[in-house]
Amino acid sequence: MKKLLIALLAAAVFAAPALAADVVVFEAKNGNVTFDHAAHQKRAECAKCHQGTPAKFEVTKDWAHATCKGCHQEKSGPTKCNDCHKK
Ligand code: HEC
Ligand code: HEC
Ligand code: HEC
2 MKKLLIALLA AAVFAAPALA ADVVVFEAKN GNVTFDHAAH QKRAECAKCH QGTPAKFEVT
62 KDWAHATCKG CHQEKSGPTK CNDCHKK
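The sequence shown begins at 2 in this note's numbering and counts up by one.
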């Protein structure tokens with residue numbers, strides 16, 4: 002299981018375009034949220050999340066719950082607390 006995970010991570014690192022961080026982990030006291038940026042770049046236009054030229058920005062709880070969860074409710078993706086927040 003551990004080996005499989007490492008193999009998957011390695012594959013993700015080599016396959017993704019060098020545009021931005023591939024996987025970002027947001028720390029939250031109720032469980033960290035792992036966000037696959039590379040996968041989301043293929044799922045949605047940059048402007049769904051970025052204003053102007055895409056760059057690093059601070060992700061707040063309110064923004065995340067409106068934008069991340071909002072799109073998942075509209076299209077598909079995790080909407081339950083523990084689907085995103087993992088301890
Ligand atoms: C689509 C994914 C997603 C879902 C679903 C979601 N959250 Fe979050 N949540 C986030 C992200 C991303 C953050 C921002 C983390 C940060 O502040 O770095 C966050 C932040 C938070 C924070 C602030 C944590 C801190 O340490 O400041 C709390 C509390 C929280 N969420 C509770 C909930 C609860 C309760 C639910 C269910 C009703 C929920 N979340 C559902 C993604 C999600
Ligand atoms: C589903 C939402 C979402 C989409 C779609 C998205 N991004 Fe992002 N992007 C983010 C978030 C959230 C961050 C901030 C991550 C962090 O806090 O480190 C980010 C960060 C970045 C960064 C800064 C990386 C760094 O570490 O300095 C760049 C550059 C970027 N995105 C480019 C893009 C481009 C180009 C596209 C479209 C092809 C895109 N993003 C699509 C959510 C998204
Ligand atoms: C514009 C739409 C959109 C936005 C915004 C968005 N997502 Fe998603 N997300 C998706 C879709 C589509 C899936 C794939 C669902 C599926 O496979 O059925 C997904 C899947 C996920 C998954 C499951 C693992 C994976 O990557 O397949 C997580 C966790 C996740 N998103 C977290 C986030 C977080 C955190 C944010 C905000 C920083 C976010 N998403 C913003 C569309 C979005």
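Each residue gets a CB set at the ideal place from its N, CA and C atoms; glycine is no exception. Bear in mind that the values here come from a model prediction, so they are computed numbers and not experimental data.
Would the beta-carbon of T68 be found less than 6 Å away from any heavy atom of ligand 1? No, ligand 1 has no heavy atom inside 6 Å of this Cβ.
Option in Q52, T54 and A22 with minimal Cα separation from H41: Ranked by Cα distance from H41, the options Q52, T54 and A22 are led by A22.
With respect to the beta strand (DSSP E) encompassing N33, which residues constitute its N-terminal and C-terminal limits? Unbroken beta strand (DSSP E) run through N33: N33 to D37.
From which residue to which residue does the beta strand (DSSP E) around F27 run? Counted as a single uninterrupted DSSP element, the beta strand (DSSP E) harbouring F27 occupies residues V24 to F27.
What runs of the beta strand (DSSP E), each 3 residues or longer, lie entirely inside the region 42-88? Within the region 42-88, complete beta strand (DSSP E) segments of at least 3 residues are not found at all.
Under the criterion of a Cβ to heavy atom distance below 6 Å, does F36 qualify as lining ligand 3? Correct: F36 has its Cβ closer than 6 Å to ligand 3.
Among the candidates N83, C47 and K87, whose CA atom is the shortest distance from the CA of T68? Taking only the C-alpha atoms, the option nearest T68 is C47.
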